[in-house]
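Inspection log for the structure reproduced underneath, given as structure tokens.
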Amino acid sequence: MNLYNLDIERGILSAILFDGKVYEDVAAILTPKDFYLPFHQAVFETMEELYKKDLPIDEVFLKDELSKKNKFDEELFFEILGTAPIEAVEAYARELKDMATKRELIHLSNEIKKMVLEEDKRAIEEVEAIQSKLFSIATSNLSGDFKNSRKIMNDTLEFIKKQAAKKNKIVTGLDTGFSELNRMTSGFGEGDLIILAARPSMGKTALALNIGLNVLKQNKGVAIFSLEMPAEQLMLRMLSAAGRIPLQDIRKGNLSSEDWSKLSVIADDLAEKPLFVDDEGNINIHTIRAKLRKLKAQNPELSLAIIDYLQLIASDQRERHLAIAEISRSLKLLARELEIPIIALSQLNRALESRPNKRPMLSDLRESGAIEQDADIIMFIYRDDVYKAMEARQKQKEAMEKGKAVEVDFQEKEVEDAEIIIGKQRNGPTGTVEMLFHKKYTLFTDKVSEVNEIEMNEADINVDMPQI
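Counted from 1, the sequence shown has number 119 at position 119 by the UniProt record's numbering; the numbering is strictly sequential.
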């Protein structure tokens, strides 16, 4: 197996010297380190410098610049000049790139052996480091070409035809199961990064799981990375929401025979769905990427990934804003690569608690700059009753400390109004979607459909009531 070819290296460099315009074709594929011979690396690096300075890439300028850096070798330079220029330069450049990648893989294999035998690290840390380096090699080997206008137009027309063939004209992406949310977003698009953010206790996990349940009902695959709670707790919530059985009753096993029957049916149904949960608490973005790639390859029906939540993803970056920037960018690239939407839950800053109007804004996102830039959709959850309940409890506490009795006019509801605020949408409008939150079941429902259903039921009762 050949890991280098000096004749090809000299032929490519000779072709550039023969025609400087060839450099652009080669530079789109190769970097200086892709050349095996150090002098050839120095020559190509100097060609790059001349190109950036808008100077001719010829024998005179190249020799002068190499001499200034004390990297000029007359014998090797004349070998390049004496080599016939390669004609199919792009094909040979790709062959050279392939050899360079193989050299990097061999170097990595030696590094792995040294790491395992000499470094005192946990196996999982070594695996993560290896995955990161392997991904770096893989991405450096990518050399996607520009798409010309005809190619783009053909792909675009095919997309339009595909959407026109769908029966549901409103939903062009992944159906969220919520009619108003679908209307605002047209469904979640392939390759979209969706940020779902809220303050604690607003229902981030509940809404993400509800969307996941709705996707599962369409017999499409859902992957969940739960960094905060075990898989069993997530399943309890899903069973409660799917069967409208109080979560506390399920946790205690305090169920009627009717509820047991309902739970049994739902459990059997969910057990057959393509649902995959990873509840490893300490996980980094490289491991998430590797696991999702493998899962997608094994299960092509995978249509949605949920990360609960973004700030808990481990990172080697010491500065938190740099870590979040790396994570959010990686998630966006991963969504595009796998062609599925990824929902990443996110915390909000406490600053909004001091505002009279506590509805979240984009600036309330923790480390908001990178997240806001990478996300295609940013959604916030706001429930006014959560703050009213907090204020009522605070008043009671203060009154009790002063030895006074206080009457609180707020009464907690089983079903609360909820607002899903779309703060950013790259390909659609922003605005607010009204929903209802059923606390007992950790279940969000469309407000319009629920109200209509209640009105219809009341109308039915009025019709069927016998006259007195």
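From the three backbone atoms N, C-alpha and C, an ideal C-beta is built for every residue, glycine too. Just so you know, these numbers come straight off a predicted model, no measurement behind them.
query, result
"Reduced DSSP secondary structure (H/G/I, E/B, other) of N282", "coil"
"Expected contact under 8 Å - CB spacing of K395 and E416 to nearest Å", "Not really, about 19 Å apart at Cβ, beyond 8 Å."
"Buried/exposed call for R289, threshold 16 Cβ in 10 Å", "buried"
"Straight-line gap, L96 to E59 (C-alpha atoms, nearest Å)", "23 Å"
"Among E75, G177 and T101, the one whose alpha carbon lies nearest that of L3", "T101"
"M390, buried or exposed, once every other Cβ within 10 Å from all chains shown has been counted against 16", "exposed"
"Contacts around D25, its chain only, beta-carbon distance under 8 Å, and the 5 residues preceding and following it disregarded", "V89, E90 and A93"
"Contact set for R336: own chain, Cβ-Cβ below 8 Å, skip 5 residues either direction", "G191"
"Closest residue to A42 among A28, D54 and K63 (Cα-Cα distance)", "K63"
"Through-space distance from P85 to S226, alpha-carbon basis", "57 Å"
"beta-carbon Y387 near the ligand SAM non-hydrogen atom, thresh 7 Å", "The model depicted lacks the ligand SAM and carries no ligand whatsoever."
"Residue range of the beta strand (DSSP E) that includes I194", "L193 to A198"
"At least 3 beta-carbon pairs within less than 8 Å: the stretch 338-345 vs the stretch 193-200", "yes"
"Beta-carbon spacing of F188, L207 below 8 Å", "no"
"Three-state secondary structure assigned by DSSP to F61", "helix"
"V265, buried or exposed, once every other Cβ within 10 Å from all chains shown has been counted against 16", "exposed"
"Min CB distance W260 to chain D below 8 Å", "Checking the listed chains, one finds no chain D in this structure; it contains a single protein chain."
"Whole-number beta carbon distance between L30 and I80, since they are thought to touch under 8 Å", "The pair is not a contact, with the Cβ atoms about 15 Å apart (cut-off 8 Å)."
"Beta-carbon proximity list for I224, same chain, < 6 Å, skipping 5 on both sides", "V277 and I306"
"Enclosing beta strand (DSSP E) for Y382 [first to last residue]", "I377 to Y382"
"Alpha carbon of A297 to alpha carbon of R150, nearest angstrom", "31 Å"
"Buried versus exposed, by CB contacts within 10 Å (16 or more), K21", "exposed"
"Limits of the beta strand (DSSP E) - the one that F437 falls within", "G431 to H438"
"Alpha-carbon spacing of E455 relative to I421, whole angstroms", "Because the pLDDT at E455 is just 48, under 50, the model does not fix this residue reliably, and the value given afterwards should be weighed accordingly. For E455 and I421, the distance between alpha carbons rounds to 26 Å."
"Identity of the residue in D98, K402, M184 and E401 nearest M379 by Cα", "M184"
"Paired residues, beta bridge with L304 - DSSP", "V222"
"Residue from F44, D19 and P38 whose Cα sits closest to the Cα of A27", "F44"
"Contacts around I211, its chain only, beta-carbon distance under 6 Å, and the 5 residues preceding and following it disregarded", "T176"
"Endpoints, beta strand (DSSP E) assigned at K424", "V415 to Q425"
"Rounded Cβ spacing between L213 and A241 (contact assumed at less than 8 Å)", "6 Å"
"Anticipated Cβ contact below 8 Å, L209 with R237, distance rounded", "6 Å"
"Alpha carbon of residue 471 to alpha carbon of E319, nearest angstrom", "Residue 471 lies beyond the range of the chain shown here (1 to 468); nothing can be said about it."
"Neighbourhood of N462 by C-beta distance below 6 Å, restricted to the same chain and skipping five residues each side", "No answer about N462 holds up, because its pLDDT of 43 lies below 50 and its placement is not dependable."
"Per-residue DSSP class, three states only, for V277", "strand"
"Distance CB(D376)-CB(R426) smaller than 8 Å", "yes"
"Same chain, Cβ closer than 6 Å to E434, neighbours up to 5 away in sequence not counted", "K447"
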